[in-house]
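Numbering (the working numbering), first residue to last: 1159 to 1293. Presented below is the structure to which this report refers.
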Amino acid sequence: MIQTYLEMSKVIAVVGLSDREETTSNRISKIMQGLGYQIIPVNSKLAGQKILGETAYARLQDIPISVDIVNVFRRSEFLPDVARDFIETDAKIFWAQLGLQSQEAEEILRVAGRNHIVMNRCIKREYNRLVKEID
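Below is the structure:
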């Protein structure tokens, strides 16, 4: 299933994407961008600014194009709020990065009929493992 998600997707909204190059969110997003994915930054503190050459948005609901994957780099306690935002969009896949998991967020998504959920997995590692070796 994860391989299919990665192969069918083209646009990844990254919640919590930092403009600081040394951060994990920035490094991984830059790699995914280099693999051909369009990266859409979501960071309320940096809305309107450019991150990795793309305009940052304050909320998922503000993104004017269709999103395939919402990749979350916020702490686990914020996942329920991100899930609530997610279900107000047409985004297809909710993806919480390695180390992030929330049963409450998963319940919010499933009750809304949004069942394409990945938690506690690194999108870059999964791409490397399932789609094409990049390391």
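The C-beta atom is built at its ideal place from N, Cα and C for all residues, glycine as well.
Where the beta strand (DSSP E) containing residue i begins and where it ends
{"i": "PRO1199", "result": "1196 to 1200"}
Residue i, DSSP secondary structure in three states
{"i": "THR1181", "result": "coil"}
{"i": "ILE1275", "result": "strand"}
{"i": "ILE1292", "result": "coil"}
Residue j beta carbon less than 9 Å from that of residue i
{"i": "ALA1249", "j": "ILE1266", "result": "no"}
{"i": "VAL1200", "j": "VAL1169", "result": "no"}
{"i": "GLN1196", "j": "ASP1177", "result": "no"}
{"i": "GLN1255", "j": "ILE1186", "result": "yes"}
{"i": "LEU1210", "j": "LEU1175", "result": "yes"}
{"i": "LEU1218", "j": "PHE1244", "result": "yes"}
Element boundaries [alpha helix (DSSP H), containing residue i]
{"i": "MET1159", "result": "No alpha helix (DSSP H) contains MET1159, which DSSP labels as neither H nor E."}
**Prompt:** Unbroken beta strand (DSSP E) runs of length 3 or more, entirely within the segment 1202 to 1271: which are they?
**Reply:** 1227 to 1230, 1251 to 1254
**Prompt:** So, do the segment 1177 to 1195 and the segment 1268 to 1285 have three or more beta carbon pairs nearer to each other than 8 Å?
**Reply:** yes
**Prompt:** For the segment 1215 to 1231 against the segment 1243 to 1261, are there 3 or more C-beta pairs whose distance is under 8 Å?
**Reply:** yes
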